[in-house]
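Quick note, in the numbering used here, the sequence shown goes up one by one and the last residue is 237. For glycine and all other residues, C-beta sits at the position ideal for the given N, C-alpha and C.
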Amino acid sequence: MVLQTRECNFSTPDTSVRGPWAPQGPGGMSRTGHTVVAVMLGTILLAGVFGNSVVFLVFVKYRSLRTPINLILLNISLSDILVCVFGTPLSFAASLKGRWLLGERGCEWYGFANSLFGIVSLVSLSVLSYERYTVVLQPTQVDVSYFRKAWFCVGGSWLYALFWTLPPLLGWSRYGPEGPGTMCSVQWHLRSPANISYVLCLFIFCLLLPLVI
């Protein structure tokens with residue numbers, strides 16, 4: 025689906041966002057379309073919170089599951105449930121109303137939070153794949169050092185994700201509305217040198233590199 029793109033206009037008094045993605049604008053999503061998206065997001069929200077909460081409860085209840093590899097799996101569940109708590113409800117509410125509801129700052133937060141938690145999941149999956157690869161090559165007994173490495177990988181995944189998601193808040197590219205205007209992300213369509221360089225780095229270091237690993 026091709027959408028027209030132009031400068032966004034965030035209105036502070038009523039915290040609404042007007043642009044080509046608005047329901048009444050050309051290329052905007054229909055009311056039915058917004059409703060379908062809202063239903064899907066609501067389902068994802070409920071399933072995500074429930075499923076990942078079960079993972080946490082099982083991890084807490086059964087001590088035998090507290091292994092280094094499961095610590096990385098728990099980190100993935102944490103990032104997923106944070107998306108469900110801090111991101112999905114915003115796009116769900118926006119889809120119900122057919123427009124973004126929280127203004128420019130809310131849009132920046134949504135784009136930042138979803139990018140941060142998404143990159144944490146990708147990096148954690150890459151670490152998980154590499155760890156399984158090393159276990160197959162050199163099976164060894166789990167000891168304290170493995171837990172230290174697991175905690176290092178968990179902390180490293182968050183620092184790495186922050187390193188690549190903070191720049192749009194500091195002037196290197198930016199977060200803004202995308203699609204029908206009910207979600208926000210990096211402004212992929214901007215053609216400025218700064219934005220192109222950021223998108224290229226994001227693609228290489230946060231998508232291509234984790235997939236290669």
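Cβ-based neighbour list, residue i, same chain, cut-off 6 angstroms, excluding 5 preceding and 5 following
i	result
Phe-141	Ser-103, Leu-106 and Val-107
Residue closest to residue i, alpha-carbon to alpha-carbon, out of the options
i	options	result
Ile-143	Val-73, Gly-200 and Ser-181	Ser-181
Ala-117	Thr-189, Phe-229 and Val-60	Val-60
Gly-253	Thr-56, Pro-92 and Trp-196	Absent from the model: residue 253. The displayed extent of the chain is 25 to 237, so no value can be given.
Leu-97	Tyr-134, Val-82 and Leu-120	Val-82
Leu-69	Tyr-86, Val-84, Asn-99 and Thr-112	Thr-112
Leu-183	Trp-133, Ser-145, Phe-110 and Arg-129	Ser-145
Residue i to residue j span [Cα, whole Å]
i	j	result
Met-53	Leu-95	41 angstroms
Ala-185	Val-147	8 angstroms
Gly-8	Trp-175	This structure gives no information on residue 8, because the portion of the chain shown stretches from 25 to 237.
Ser-139	Phe-74	22 angstroms
Gln-162	Ser-169	15 angstroms
Met-64	Ile-220	32 angstroms
Lys-85	Val-109	23 angstroms
Val-160	Tyr-222	36 angstroms
Ser-88	Pro-234	29 angstroms
Pro-50	Cys-225	For Pro-50, the pLDDT reaches just 38, beneath the cut-off of 50, and the residue's location in the model is therefore unreliable, although a value from the coordinates is still provided. Cα-Cα distance, rounded: 32 angstroms.
Arg-156	Asn-99	16 angstroms
Trp-133	His-58	22 angstroms
Arg-90	Thr-158	20 angstroms
Val-26	Arg-215	Here Val-26 scores only 37 on pLDDT, less than 50, and its place in the model is too uncertain to base an answer on.
Leu-232	Leu-194	24 angstroms
Cβ shell of residue i (< 7 angstroms), same chain only, five flanking positions each side left out
i	result
Ile-237	Ser-150, Ser-153 and Tyr-154
Ser-101	Asn-76, Val-79 and Phe-80
Cys-230	Ile-143, Leu-146 and Trp-188
Pro-217	none
Phe-227	none
Trp-196	Ala-218 and Tyr-222
CB of residue i within 8 angstroms of CB of residue j, strictly
i	j	result
Val-210	Pro-192	yes
Phe-187	Pro-92	no
Ser-119	Ala-71	no
Phe-136	Thr-189	yes
Cβ shell of residue i (< 8 angstroms), same chain only, five flanking positions each side left out
i	result
Gly-66	Phe-116
Lys-173	Pro-92
Residue i at chain B interface by Cβ criterion, 8 angstroms
i	result
Val-178	The structure shown has no chain B; it contains just one protein chain.
Please go through the region 98-147 and give each complete beta strand (DSSP E) segment of 3 or more residues, from N-terminal end onward. none
Please specify which runs of the alpha helix (DSSP H), each continuous and at least 4 residues long, are wholly inside the region 165-201, giving them in chain order. 168-189 and 191-194
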